[in-house]
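Following: one structure in structure tokens, then a few remarks.
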Amino acid sequence: MELIQQLVNGISLGSIYALIALGYTMVYGIVKLINFAHGDVFMVGSFVGFYSITVLDLSFIPALLISMIVCAIFGVLIERIAYKPLRNATRIAALITAIGVSLLIENGLIYIRGAQPEAYPNDVLPMDKLDILGVSISSQSILILSVSIILMIILQFVVHKTKIGKAMRAVSFDSEAATLMGINVNNTISATFAIGSALAGAAGVIFGIYYIKIEPLMGVLPGLKAFVAAVLGGIGIIPGAMVGGLLLGVIEALVSAAGYSLWRDGVAFIVLILILIFLPQGLFGKNKREKV
Amino acid sequence: MLKIEDINVYYGNIQALKGVTMEINEGEIVTLIGANGAGKSTLLKTISGLLKPKQGKVLFEEGSIGGKAAQSIVKMGISHVPEGRRVFANMTVAENLELGAYLRKDKEGIKKDMEKVYELFPRLLERIKQQAGTLSGGEQQMLAMGRALMAKPRLLLLDEPSMGLAPLLVKQIFNIIQEISEAGTTILLVEQNANLALSIADRAYVVETGRIVLSGNADELTSSEEIKMAYLGGH
Numbered sequence: 001m002e003l004i005q006q007l008v009n010g011i012s013l014g015s016i017y018a019l020i021a022l023g024y025t026m027v028y029g030i031v032k033l034i035n036f037a038h039g040d041v042f043m044v045g046s047f048v049g050f051y052s053i054t055v056l057d058l059s060f061i062p063a064l065l066i067s068m069i070v071c072a073i074f075g076v077l078i079e080r081i082a083y084k085p086l087r088n089a090t091r092i093a094a095l096i097t098a099i100g101v102s103l104l105i106e107n108g109l110i111y112i113r114g115a116q117p118e119a120y121p122n123d124v125l126p127m128d129k130l131d132i133l134g135v136s137i138s139s140q141s142i143l144i145l146s147v148s149i150i151l152m153i154i155l156q157f158v159v160h161k162t163k164i165g166k167a168m169r170a171v172s173f174d175s176e177a178a179t180l181m182g183i184n185v186n187n188t189i190s191a192t193f194a195i196g197s198a199l200a201g202a203a204g205v206i207f208g209i210y211y212i213k214i215e216p217l218m219g220v221l222p223g224l225k226a227f228v229a230a231v232l233g234g235i236g237i238i239p240g241a242m243v244g245g246l247l248l249g250v251i252e253a254l255v256s257a258a259g260y261s262l263w264r265d266g267v268a269f270i271v272l273i274l275i276l277i278f279l280p281q282g283l284f285g286k287n288k289r290e291k292v
Numbered sequence: 001m002l003k004i005e006d007i008n009v010y011y012g013n014i015q016a017l018k019g020v021t022m023e024i025n026e027g028e029i030v031t032l033i034g035a036n037g038a039g040k041s042t043l044l045k046t047i048s049g050l051l052k053p054k055q056g057k058v059l060f061e062e063g064s065i066g067g068k069a070a071q072s073i074v075k076m077g078i079s080h081v082p083e084g085r086r087v088f089a090n091m092t093v094a095e096n097l098e099l100g101a102y103l104r105k106d107k108e109g110i111k112k113d114m115e116k117v118y119e120l121f122p123r124l125l126e127r128i129k130q131q132a133g134t135l136s137g138g139e140q141q142m143l144a145m146g147r148a149l150m151a152k153p154r155l156l157l158l159d160e161p162s163m164g165l166a167p168l169l170v171k172q173i174f175n176i177i178q179e180i181s182e183a184g185t186t187i188l189l190v191e192q193n194a195n196l197a198l199s200i201a202d203r204a205y206v207v208e209t210g211r212i213v214l215s216g217n218a219d220e221l222t223s224s225e226e227i228k229m230a231y232l233g234g235h
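Just so you know, the protein sequences line up as chains A and B, in that order. Using the UniProt record's numbering, the first residue of the first sequence is number 1, and each one after it goes up by one. Using the UniProt record's numbering, the first residue of the second sequence is number 1, and each one after it goes up by one.
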């Protein structure tokens, strides 16, 4: 029963990784950039959620929505200000810029409000213990998991059924050909940043509710792990990010359950190294050959 | 319909088009012939807005389009079928066609035009749910052309539609180009196979190293000794 409880923990943590990983993978898919500032968007989302709940006295859903909207705008601003001027620059230049943006956000927030941590109030969501087949699961975990799943379903719908989703897929496949269809590539890239950042914002609020403590550098480690999750699933592939995130969360929970909780973070990066050596295209990636 | 006046186009520091002037009248099939690297594709890319001319004018129905964003040029009625088809391989045939109509809002009209495309290319109808990447080269060419037609262009730019296709398919594609022309769309065709291109064209321009060196009616050019020697495998 202990094992099943750990699995539930792993899936909850994994769904947070998955939400962040989606932003990594969507942005990579469309501009071929690993947006290392993405973990910090997650952190900003967590703080926006925190202030919405404590200062504005909002409940979970409105706080979640406000955080998603603020992060969407924030993500678009980052793209327009920092990455767009580098659209035709080398990939390493954009990558270094992303790291710079990440440091700027972290230290900017510390400058504005200080480095001290905050604690999410613990009454945001009901904390009942549900007994399911002898396993006690908190109602919180179930709510968090449902919210994550709903967001992922909405994302799938947007990407596959809406016009902007089709434009996103077209631009990520061949941006010049997409231009010839009349698709505005810049707007499509902005929309991608907006959606990815909104998901990171949601992940930030969920993280705060689940783990209570938030601080300006909280985005670094989950950000890196979400990157591992995106690579694990196959970078640029949306279902891959979902599965990669959940898998990584479960792996970490199992490592903890086996009594090696100090090794948890290390194992995540061992996964990255193993994937890069043995399956660099990821679980869902096709090993495609360049066509001439 | 389209007027190009003395344009210079560069790739970085390399000048790809040098003072090109040409004209296309409504309803014509005009072809550009010339060797690899002569600048034919560059000219198409300049018309569709993928490249911007450094000097000179591109006029479409009396309005200047030189330097406009590609998406607004599509909206004005120019569609470009690029070299190498460039279909969205990760999407289905139907989705590719829908993307062709990206800027249109008239749902009924889009539906009707999609039916027209399927009538023109029955092969696409058979493969409607298939990923474009799984189609054969000829089918991908049909899809690329159908996708461009979905924008309801008045001027269609075709870049090497015969490339890499079996002779029978090439003939089929060229028949369809004629059908599209007869339905009222003006066509600018870039083609390596000069014989074939001249056989369906009204007029032609010969491009050599970024310059137009010769132009005239297609039948005049077909019988010109110079053209025969250089492009038609003359005897």
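Quick reminder that beta carbons are idealized off the backbone N, C-alpha and C, glycines included. Source: prediction; values computed, not measured.
{"query": "Minimum Cβ-Cβ distance from residue 290/A to chain B less than 9 Å", "result": "Its pLDDT being 47, under 50, residue 290/A is placed unreliably in this model, and the value from its coordinates should be taken loosely. Answer no: the Cβ-Cβ gap between residue 290/A and chain B never drops below 9 Å."}
{"query": "Whole-Å CB distance - residue 265/A paired with residue 221/A, under 8 Å assumed", "result": "7 Å"}
{"query": "8 Å Cβ cut-off: residues of chain A touching residue 74/B", "result": "180, 181, 182"}
{"query": "Cα-Cα separation between residue 155/B and residue 181/B, rounded to whole angstroms", "result": "10 Å"}
{"query": "CB-CB length for residue 229/A against residue 254/A, believed under 8 Å", "result": "Between residue 254/A and residue 229/A the Cβ distance is about 15 Å, and since that is not below 8 Å, they are no contact."}
{"query": "Pair within 9 Å by beta-carbon distance, residue 185/B and residue 199/B", "result": "no"}
{"query": "Proximal chain B residues relative to residue 230/A, where beta-carbon distance stays under 9 Å", "result": "Simply none; closest approach about 18 Å."}
{"query": "Cβ of residue 167/A within 9 Å of any chain B Cβ", "result": "yes"}
{"query": "Test: residue 173/A CB closer than 9 Å to a CB of chain B", "result": "yes"}
{"query": "Bridge-paired residues (DSSP) for residue 59/B", "result": "3/B, 64/B"}
{"query": "Straight-line gap, residue 67/A to residue 145/B (C-alpha atoms, nearest Å)", "result": "44 Å"}
{"query": "Reduced DSSP secondary structure (H/G/I, E/B, other) of residue 171/A", "result": "helix"}
{"query": "Cβ contact (3+ pairs, closer than 8 Å) linking the stretch 130–138 of chain B and the stretch 102–120 of chain B", "result": "no"}
{"query": "Three or more C-beta pairs below 8 Å linking the stretch 8–23 of chain B and the stretch 260–275 of chain A", "result": "no"}
{"query": "Cα-Cα separation, residue 290/A to residue 85/A", "result": "With a pLDDT of only 47 at residue 290/A, under the threshold of 50, the placement of this residue in the model should not be trusted, and no figure is reported."}
{"query": "Residue 9/B - partner residues in DSSP beta bridges", "result": "17/B"}
{"query": "Residue 49/A vs residue 199/A beta-carbon contact at 9 Å", "result": "no"}
{"query": "Cross-strand partners of residue 159/B (DSSP beta bridge)", "result": "190/B"}
{"query": "As assigned by DSSP and simplified to three states, the class of residue 22/B", "result": "strand"}
{"query": "Alpha-carbon spacing of residue 11/B relative to residue 66/B, whole angstroms", "result": "16 Å"}
{"query": "Any C-beta of chain A under 9 Å from that of residue 127/B", "result": "no"}
{"query": "C-beta contact flag for residue 59/A and residue 145/A at 9 Å", "result": "no"}
{"query": "Distance between residue 61/A and residue 159/A (C-alpha atoms, nearest Å)", "result": "23 Å"}
{"query": "Endpoints, the beta strand (DSSP E) within which residue 130/A is located", "result": "129–132"}
{"query": "Proximal residues to residue 193/A (C-beta, below 6 Å), its chain only, five neighbours per side dropped", "result": "75, 76, 79"}
{"query": "Neighbour flag for residue 16/B against chain A, beta carbons, 9 Å", "result": "no"}
{"query": "Per DSSP, the bridge partner or partners of residue 198/B", "result": "In DSSP, residue 198/B forms no bridge with anything."}
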